[in-house]
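>
There are 2 protein chains.
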Amino acid sequence: MTSVLDAATIRSLTDDRDLAALAAAIRELGPNATTELIAELSATEAAIVFRLLPKDESVEVFDGLDRGTRSDLIAALHTEELSTIFSDLDPEDQGRLVDELPANVTTKLLDAVPASDLGAVMAIAGYGRNSIARRMSPTAVIAWTNDTVAEVTGRLRDTEVDLEDVRLIPVLTPDRRIVGTLDALELLRFAPGTDVESLAVPVEEITHTDDDMETAARAALREDVTVLPIGDSEGRLVGILPIKDAARIIAEADEEDYALSGGTQPLYRRYLPTSILTIARTRIVWLLVLAISAVLTVHVLEIFESTLAEVVALALFIPLLTGIGGNTGSQAATTVTRALAMDEIGLRDFLRVAAKELATGLLLGVLLAVPAFAIASPLYGLEIGAVIALTLTVNCPIAAVVGGSIPIAAKACKVDPAVVSTPFISTFCDASGLLVYFTIAIALLGL
Amino acid sequence: MTSVLDAATIRSLTDDRDLAALAAAIRELGPNATTELIAELSATEAAIVFRLLPKDESVEVFDGLDRGTRSDLIAALHTEELSTIFSDLDPEDQGRLVDELPANVTTKLLDAVPASDLGAVMAIAGYGRNSIARRMSPTAVIAWTNDTVAEVTGRLRDTEVDLEDVRLIPVLTPDRRIVGTLDALELLRFAPGTDVESLAVPVEEITHTDDDMETAARAALREDVTVLPIGDSEGRLVGILPIKDAARIIAEADEEDYALSGGTQPLYRRYLPTSILTIARTRIVWLLVLAISAVLTVHVLEIFESTLAEVVALALFIPLLTGIGGNTGSQAATTVTRALAMDEIGLRDFLRVAAKELATGLLLGVLLAVPAFAIASPLYGLEIGAVIALTLTVNCPIAAVVGGSIPIAAKACKVDPAVVSTPFISTFCDASGLLVYFTIAIALLGL
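Protein sequences appear in the order of chains E and Z. Under the numbering used here, the letters of the first sequence match residues 1176 to 1622, in that order. Under the numbering used here, the letters of the second sequence match residues 1176 to 1622, in that order.
1) Could you check which residue in Z/ALA1488, Z/SER1580, Z/GLY1414 has the C-alpha nearest to that of Z/ILE1559?
2) Using a C-beta to C-beta distance shorter than 9 Å, which residues of chain Z count as neighbours of E/LYS1531?
3) Let me make sure I understand the geometry here. Which of Z/ASP1350, Z/ALA1195, Z/LEU1360 has the alpha-carbon closest to that of Z/LEU1338?
4) On a CA-only basis, which of E/LEU1471, E/VAL1376, E/THR1254, E/ALA1618 is nearest Z/LEU1491? Give me that one, please.
5) Mind listing the chain Z neighbours of E/LYS1230? Cutoff is C-beta to C-beta under 8 Å, in chain order.
6) How long is the line joining the alpha carbons of E/SER1178 and E/GLU1203, rounded to whole angstroms?
7) Would you say the segment 1315–1326 of chain E touches the segment 1362–1372 of chain E, given that touching needs at least three Cβ pairs under 8 Å?
8) Would you say E/LEU1609 reaches chain Z, if we count a Cβ-Cβ gap shorter than 8 Å as a contact?
9) Against Z/LYS1419, what residues of chain E qualify as contacts under a CB-to-CB distance less than 7 Å, listed in chain order?
10) Quick check: the segment 1526–1546 of chain Z against the segment 1562–1572 of chain Z, are there 3 or more CB pairs under 8 Å?
11) E/THR1384 by DSSP, collapsed to three states: which one?
12) Leaving out five residues on either side along the sequence, give the residues of the same chain with a beta carbon under 6 Å from the beta carbon of E/ILE1223.
13) Could you have a look at Z/ASP1370 and say whether DSSP puts it in helix, strand or coil?
14) Taking all protein chains shown into account, do 16 or more other C-beta atoms lie within 10 angstroms of the C-beta of Z/ASN1502, making it buried, or fewer, making it exposed?
15) For Z/ASP1420 and Z/ASN1305, I'd like the C-alpha separation in whole angstroms.
16) By the 10 Å Cβ neighbour count, where 16 or more other Cβ atoms means buried, how is E/MET1176 classified, buried or exposed?
17) In chain Z, which residues lie less than 7 Å from E/VAL1541 when you measure between Cβ atoms?
18) Is it right to say Z/LEU1622 is buried, meaning 16 or more other beta carbons lie within 10 angstroms of its own, or is it exposed?
19) Does any C-beta atom of chain E lie closer than 8 Å to the C-beta of Z/LEU1227?
20) Suppose the cutoff is 7 Å on Cβ atoms and the five residues either side in sequence are ignored; what does the same chain contact list for Z/ASP1292 look like?
21) Looking only at its chain, what residues have a beta carbon closer than 6 Å to the beta carbon of E/ALA1195, apart from the 5 residues adjacent to it on each side?
22) Check this for me: beta carbons of Z/ALA1210 and Z/ALA1251, under 8 Å apart or not?
23) Less than 7 Å between the CB of E/GLY1406 and some heavy atom of the ligand HEM, yes or no?
24) In terms of alpha-carbon separation, which member of E/GLU1389, E/LEU1447, E/LEU1403, E/ALA1530 lies closest to Z/TYR1446?
25) Determine the extent of the alpha helix (DSSP H) in which Z/LEU1465 is found, giving its start and end residues.
26) What does a CB cutoff of less than 7 Å around E/ALA1182 pick up in its chain, not counting 5 residues either side in sequence?
27) By the criterion of Cβ-Cβ separation under 9 Å, what are the contact partners of Z/PRO1277 in chain E?
28) What is the DSSP secondary structure of E/PRO1592, reduced to helix, strand or coil?
29) Could you pull out every residue in the same chain whose Cβ sits closer than 6 Å to the Cβ of E/PRO1229, ignoring the five residues on either side in sequence?
30) Identify whether Z/ILE1355 lies in helix, strand or coil by the three-state DSSP scheme.
31) Helix, strand or coil: how does DSSP classify Z/THR1323 here?
32) Tell me, please, which residues DSSP counts as bridged to E/ARG1411.
33) Excluding the five sequence neighbours on either side, which residues of its own chain have a C-beta within less than 7 Å of the C-beta of Z/ARG1523, listed in chain order?
34) Does the separation of the CB atoms of E/ARG1192 and E/ILE1260 fall below 8 Å?
35) Using a Cβ-Cβ distance under 8 Å, would Z/TYR1612 count as near chain E?
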């Protein structure tokens, strides 16, 4: 232990929360020295040091520890203190300093932690906020490739876990690589001596711990799997996601999208018992965003104040025309946001979506312009009728293209498309619609 | 066969599609005569007569038929001709003339029909468009109360059906009444001689064939059941709903709600391959509804045309104020529509919702009015600042109450709350907001 790093230094670095310096020092030590060091540290300090090791080194260090130190380490990995330290890291540092845990350690950790704390522990294990790992459950029953039906049935009989967690049993090679799955009910249909490997359904594409939870959950539901096995980057089983948890993830995502499409934050709780203050808090942010961006419409109208003074009748159609523009934009945004959530379209489809919305918007504009002209002309004169009809024809395609493009642009900026859609689109469509309206009015009315 | 009704009369009544007269004539016959009559008719005519019997009589008639006639009748009950005849009935006649089929007939019918035709056949069986019966599957494996684990395991081993359909096995009394369910995996955990009745989990509340499919599906998912048994009005098993079908029903309902909240019909298909015409068709109806109702805003503004001519600056804030009102209204509508869909609130909560939205709206209005006054006053004068601030304070609670009430009112009128919300609310809020704005302006500016 003549290493550059001793217990006292580590204590002072962890006290200062200087994890970056600590990580750099540890990475210089090498696995053997680190193994020795960990045996000397307090459990919490050992856990912090262990979490800052690069993944391949942490495999080696863990294997080098004696049984007692190992289980102390596992216990320390899910203390509140560690949870606080690693939750406080900013996401960038989290990604840079904390590698994923080796599959065998994560598996032991999952088994040791009460269900309610799993999410927090997966944060310590280095998994991002939206990763499927945050929702994993520990695996209850597994089958090895050389098992027989009778052996797996015996294991299933001996376990006390929730049946939801064992409907589909992961089939693993001796080094825990996922090769397939076995529907537990198949065990009833085949002779006890049957080879499990012959019954396993191969897994086409393994879901990884850092896959996006919504995408993974939707895929699981689409493919009617009852339990989704989750592997580390080498395809070694780490945990599972029972289908009821997948359904819950999707329901939350849908509730969020639905709320955001109505320009409010999701409530995530029952409406009637929720206090007025809490409800107002879910709404005020978007109202302020909308209000501030709606100042744009005031400025646009100021440009045309003299035109308005000359022909006051033009003011009559402002809410009608901005309303239709806003609605056309939010229709396009709704359809495109949904298609993005369903993984039907991606960033690469930007131009195709824009072209489609341009054509759809033009068609809608013409379909609205014809009756608008027929109704407005007798009442307000041919010229006003023509201004309104032409505004609709020009404005609907603009609104549709804007509405269809913004969700894709948001996704490109790694922002949830549903977040920006509603307030942004309605305001933008209001402002651009007014510009189009008054430009056409000035041209046609010769102002 | 000296009855009032002979084969020739029936032929002419069915040819004329006068099902009401036919039903009345049949109800006079009595079960014995009807049984004899059915044996003499062609299979299609027999099926029509049979469907027009009251439920208790049809039980008796079916039991009185010989084996051959029975199976001819079952076959005829799912022909295209019958499907057309009963689909053409208007919903009221459907309810008045067509009782639900007896459970044993529906069960046989379900077994005889290919999966793709099940929905149409359930229409013949007298089930409404939104009833869970429309999505039932035939039951694959059942357990009787006096079965042992070994007997049920044997039945499960002998069937070839999809495992999704047998994860939960309905446990029935000898007269097919549902008493509980048995998770098929429990069969692996208990000795072959165990009594099934002792393992059955009692069903708290039986889902009935005519229950609303979305409500039933949400309850099934909430309670983590893998298969939902469905009973007739006497609690006799008719069919099942595997959980994957429940998930599909909810996904469709959510897609519809989401689309409607964006003011468009759901697409129900992939976006990019869908033609522009089809997309435009999902949007044009709401755009027209919005456009027609937005004419209201034109009329409101016409009332204040002279005020506008006097203070043109008032026009500058029209899009801003209507935008904030519309957004406040749609926020309230979104939250309340969701709470209705989740069965958290019902018609009885109308006043509590209105009171809650009034208070929330007032709070939001004040929160917006303060910064609005602070920003607008230096730019446009104290008076205009006060008009804007006061309009926000009055208009936000109105918009919130309207937005929260309309979905409940829609539900009271048996209209999907999500349908009316968006276009209706934004237009109503625009019109009422303009009224408030100009009334306040006239009062404060002394016009």
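The beta carbon of each residue, even a glycine, is placed where N, CA and C say it ideally should be. Here the structure is a predicted model, which is why all the values come from computation and not from measurement.
Short version:
1) Here residue 1559 of chain Z corresponds to residue number 384 of the second sequence, with the count starting at 1. That would be Z/ALA1488, whose Cα lies nearest to the Cα of Z/ILE1559.
2) To locate residue 1531 of chain E, count along the first sequence from 1; it is residue 356. What E/LYS1531 touches in chain Z: TYR1446, LEU1447, THR1449, ILE1451, ILE1454.
3) What you label residue 1338 of chain Z is simply residue 163 of the second sequence in a count that begins at 1. With distances taken between Cα atoms, Z/LEU1338 lies closest to Z/LEU1360.
4) Taking the first residue of the second sequence as position 1, residue 1491 of chain Z is located at position 316. With distances taken between Cα atoms, Z/LEU1491 lies closest to E/LEU1471.
5) The residue you call residue 1230 of chain E lines up with position 55 of the first sequence. Going along chain Z, no residue has its Cβ under 8 Å from E/LYS1230, so there is no contact; the nearest lies around 35 Å.
6) Locating residue 1178 of chain E in the first sequence gives position 3, where the first residue counts as 1. Locating residue 1203 of chain E in the first sequence gives position 28, where the first residue counts as 1. Note that E/SER1178 scores a pLDDT of 49, beneath 50, so its modelled location is shaky; the value from the coordinates is reported in the next line. Each residue's Cα considered, the two are about 10 Å apart.
7) yes
8) Mapped onto the first sequence, residue 1609 of chain E falls at position 434. So yes, E/LEU1609 belongs to the interface.
9) Within the second sequence, numbered from 1, the residue matching residue 1419 of chain Z stands at position 244. Ordered by position in chain E, the residues that pass the 7 Å Cβ test against Z/LYS1419 are ASP1399.
10) yes
11) Start at 1 with the first residue of the first sequence, and residue 1384 of chain E comes out as number 209. The answer is coil: DSSP assigns E/THR1384 none of H, G, I, E or B.
12) Position 48 of the first sequence, counted from the start, is the residue given in the question as residue 1223 of chain E. Correct list, in chain order: THR1189.
13) The residue you call residue 1370 of chain Z lines up with position 195 of the second sequence. Correct three-state label for Z/ASP1370: strand.
14) Reading the second sequence from its first residue, position 327 is the one you call residue 1502 of chain Z. Answer is buried; the Cβ neighbour count reaches 16.
15) Taking the first residue of the second sequence as 1, we reach residue 1420 of chain Z at position 245. Taking the first residue of the second sequence as 1, we reach residue 1305 of chain Z at position 130. Z/ASP1420 and Z/ASN1305: Cα-Cα distance of roughly 14 Å.
16) Residue 1176 of chain E sits at position 1 when you count from the first residue of the first sequence. Interpretation of E/MET1176 is limited by its pLDDT of 40, a score under 50 that renders its predicted location unreliable; the figure taken from the coordinates is listed afterwards. Exposed, by the Cβ-count rule.
17) In the first sequence, counting from the first residue as 1, residue 1541 of chain E sits at position 366. By Cβ distance, chain Z contributes nothing, its closest Cβ being about 10 Å from E/VAL1541, past 7 Å.
18) Stepping through the second sequence from its first residue, residue 1622 of chain Z is reached at position 447. Exposed, by the Cβ-count rule.
19) Along the second sequence, read from residue 1 onward, the residue named residue 1227 of chain Z stands at position 52. Z/LEU1227 does not count as touching chain E.
20) By 1-based counting over the second sequence, the position of residue 1292 of chain Z is 117. Same-chain partners within the cutoff: HIS1253.
21) Position 20 of the first sequence, counted from the start, is the residue given in the question as residue 1195 of chain E. Closer than 6 Å at the Cβ level, and outside the excluded window around E/ALA1195, lies no residue.
22) For the purposes of this step, residue 1210 of chain Z is taken as the residue at position 35 of the second sequence. For the purposes of this step, residue 1251 of chain Z is taken as the residue at position 76 of the second sequence. A small fix is needed here, since residue 1210 of chain Z is Thr in this sequence, not Ala. The answer is no: Cβ separation not under 8 Å.
23) The model on display carries no ligand, and the ligand HEM is accordingly not part of it.
24) Within the second sequence, residue 1446 of chain Z is the residue found at index 271, counting from 1. Comparing Cα-Cα distances from Z/TYR1446 to each of E/GLU1389, E/LEU1447, E/LEU1403, E/ALA1530, the minimum goes to E/ALA1530.
25) Here residue 1465 of chain Z refers to the residue found at position 290 of the second sequence. Looking at the DSSP string, the run of the alpha helix (DSSP H) that includes Z/LEU1465 is 1451–1478.
26) The residue given as residue 1182 of chain E occupies position 7 in the first sequence. So the list reads GLU1215, LEU1216, once near-sequence residues are dropped.
27) Along the second sequence, one-based indexing puts residue 1277 of chain Z at 102. Near Z/PRO1277 there are no residues of chain E at all, since even the closest Cβ is about 32 Å away, more than 9 Å.
28) In the first sequence, counting from the first residue as 1, residue 1592 of chain E sits at position 417. Three-state result, E/PRO1592: helix.
29) Within the first sequence, numbered from 1, the residue matching residue 1229 of chain E stands at position 54. Once the five neighbours on either side are set aside, the close Cβ partners of E/PRO1229 are ASP1274.
30) Working through the second sequence from its first residue, we reach residue 1355 of chain Z at position 180. One detail in the question is off: residue 1355 of chain Z reads as Gly in this sequence, not Ile. Residue state, collapsed to three classes: strand.
31) Residue mapping note: residue 1323 of chain Z aligns to position 148 of the second sequence, counting from 1. In this structure, Z/THR1323 counts as strand in the three-state DSSP scheme.
32) Against the first sequence, residue 1411 of chain E aligns to sequence position 236. In DSSP, E/ARG1411 forms a bridge with E/ARG1352.
33) Against the second sequence, residue 1523 of chain Z aligns to sequence position 348. Once the five neighbours on either side are set aside, Z/ARG1523 has no close Cβ partner at all.
34) The residue you call residue 1192 of chain E lines up with position 17 of the first sequence. The residue you call residue 1260 of chain E lines up with position 85 of the first sequence. Yes, Cβ-Cβ distance for E/ARG1192 and E/ILE1260 is below 8 Å.
35) As a position in the second sequence, residue 1612 of chain Z is number 437, starting the count at 1. Answer no: the Cβ-Cβ gap between Z/TYR1612 and chain E never drops below 8 Å.
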